[in-house]
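With the sequence shown counted from 1, adding 28 to any position gets you the numbering used here. Below: one structure, written as structure tokens.
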Amino acid sequence: MRLFITRFFFFVFVSFFLLDCIAQVDARAGGGRSFRSSSSSSSFGSSSSFSFGSPSFGSSGTRYVSTGSTGNSSSGVIIFIFIMIVIFVIVSGYGRRDSLFDSPLSGDNYYVPPNSSNHKANPSVAPVTNLSEKITAIKAIDPAFNEGMLEDRVSTAFFKIQNAWCKGDMNLARAFVTDSVLRRFNMQLEEYRQSKTYNKLEGLTLDDVTTLDISLDANIERIDIHIIATAKDYVVDEAGKYVSGDNKQFVTWDEKWGFVRNAGVKTDAEKSVFSEKCPNCGAPLKVDTTGECEYCRSNITTGKFDWVLSEITQLNT
Numbered sequence: 029m030r031l032f033i034t035r036f037f038f039f040v041f042v043s044f045f046l047l048d049c050i051a052q053v054d055a056r057a058g059g060g061r062s063f064r065s066s067s068s069s070s071s072f073g074s075s076s077s078f079s080f081g082s083p084s085f086g087s088s089g090t091r092y093v094s095t096g097s098t099g100n101s102s103s104g105v106i107i108f109i110f111i112m113i114v115i116f117v118i119v120s121g122y123g124r125r126d127s128l129f130d131s132p133l134s135g136d137n138y139y140v141p142p143n144s145s146n147h148k149a150n151p152s153v154a155p156v157t158n159l160s161e162k163i164t165a166i167k168a169i170d171p172a173f174n175e176g177m178l179e180d181r182v183s184t185a186f187f188k189i190q191n192a193w194c195k196g197d198m199n200l201a202r203a204f205v206t207d208s209v210l211r212r213f214n215m216q217l218e219e220y221r222q223s224k225t226y227n228k229l230e231g232l233t234l235d236d237v238t239t240l241d242i243s244l245d246a247n248i249e250r251i252d253i254h255i256i257a258t259a260k261d262y263v264v265d266e267a268g269k270y271v272s273g274d275n276k277q278f279v280t281w282d283e284k285w286g287f288v289r290n291a292g293v294k295t296d297a298e299k300s301v302f303s304e305k306c307p308n309c310g311a312p313l314k315v316d317t318t319g320e321c322e323y324c325r326s327n328i329t330t331g332k333f334d335w336v337l338s339e340i341t342q343l344n345t
């Protein structure tokens, strides 16, 4: 909130300073100004040469043109202030678009072990600074952990999430995502339903899956995975008619996918959502909309039993 107020007063100061400059320039040139604002689009890609239809958001820039003269300065002031407010709102929200899912732990029903603090360091894990040391540290508490196997599992999750996204039914990938990620996906899909459009991701390939970072504390273990994907990304209407995007050229994007699980969870290749098994009871994976296994009724999307996607951050926007 404090940062927001600081930004606001800074923009007010700059607005009046620029207004004085503009008055002088307009007097000399006798003309107006054009201001353009635009927001970038986010898309979710997938890999190994598949074609999906799924939502991708984009908004075109809005052009505001003000014309004025020395005889009508009051209207020019009002228009200018309005423009600066628009610019302020856009700039304030721009940083938030870099991270698609902010506050990955907020809004998720994570299991918290008894008598533990959210910010208490795990005494069994020594502080580490580089990735190799972090991998060694997590193997010390989870001997079955394997970086390569996890990256393969992330690839599996990536395709399943893409398939669900493109079919407009995120429940098909419910076992892989937290509550907050599911809500955000569904909000975006609802916008597509309202506009009766669909995103096509043609020739989708997953070009790279690499572990970026690992963090461990008393409650949560987190692994950030670097994803690079390529596809033709465009939007069509219900009749399949092209609406927007690029259906001719392939585009490549990279993202950071953050997976979390509760501290102390051990890797079990046989009982995992990535191997189509409930990580609690081992039954064939079948999860309802609340994230519960339909056999043992355990919620497997909280990180209590296995890795779950909690955040996606765009890296090349």
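For each residue, glycine too, the CB sits at the ideal point set by N, CA and C. Every value quoted in this text rests on a predicted model; they were computed, and no experiment measured them.
Taking the alpha carbon of residue i as the point to measure from, which residue in the options has its own alpha carbon closest?
i      : options                        : result
SER300 : PHE204, GLU175, ALA165, LYS167 : PHE204
SER223 : PHE187, ASP296, GLU266         : GLU266
ALA291 : GLU175, GLY176, ASP334         : ASP334
ASN214 : LEU234, ILE189, GLY331         : ILE189
PHE186 : ASN174, GLU161, PHE278, LEU200 : LEU200
VAL263 : ILE163, TYR220, CYS309, ALA192 : TYR220
TYR226 : ASP296, THR330, ASP261         : ASP261
LYS346 : THR164, ASP274, HIS254, ASP316 : Since the displayed the chain opens at 29 and closes at 345, residue 346 lies outside it and no answer follows.
THR280 : LEU343, LYS314, GLU218, LYS294 : LEU343
ALA19  : ASP241, ASP252, PHE278         : Look at the range of the chain in this structure, 29 to 345, and you will see that residue 19 is not part of it.
SER160 : LYS305, SER243, THR317, ARG202 : SER243
ILE169 : ASP245, ASP236, GLY231         : ASP245
GLY196 : PRO312, LEU217, LYS284, ARG202 : LEU217
CYS231 : ARG289, LYS276, CYS306         : It should be pointed out that residue 231 corresponds to Gly in this sequence rather than to Cys. For GLY231, the nearest C-alpha among the options comes from LYS276.
GLY310 : THR318, THR317, ILE328         : ILE328
LYS332 : THR238, GLY268, ALA172, ARG250 : ARG250
Which class does residue i belong to by DSSP, given the choice of helix, strand or coil?
i      : result
VAL301 : helix
ASN327 : strand
LEU337 : strand
ALA57  : Low local confidence applies: a pLDDT of 20 at ALA57 is under 50, so the model's placement there is unreliable, with the coordinate-based value given in what follows. Three-state result, ALA57: helix.
TYR138 : With a pLDDT of 35 at TYR138, under the threshold of 50, the modelled position of that residue is not reliable, and no figure is offered here.
The beta strand (DSSP E) spanning residue i covers which residue range?
i      : result
ALA257 : 248-265
SER272 : 270-273
ASP370 : Summary: the structure shown does not reach residue 370, with the chain confined to residues 29 through 345, and so no result is reported for it.
LEU313 : Where LEU313 is concerned, there is no enclosing beta strand (DSSP E), given that its DSSP letter is neither H nor E.
Going by DSSP, name the residue or residues bridged to residue i.
i      : result
GLU322 : Bridge partners of GLU322: none, in fact.
SER243 : ARG250
LEU234 : ALA257
With a threshold of 7 Å between beta-carbons, can residue i be considered close to chain B, or not?
i      : result
ALA311 : Looking at the structure shown, chain B is missing, and only one protein chain is on hand.
Contiguous alpha helix (DSSP H) assignments of at least 4 residues, all confined to the region 152-231: 159-169, 175-195, 207-223
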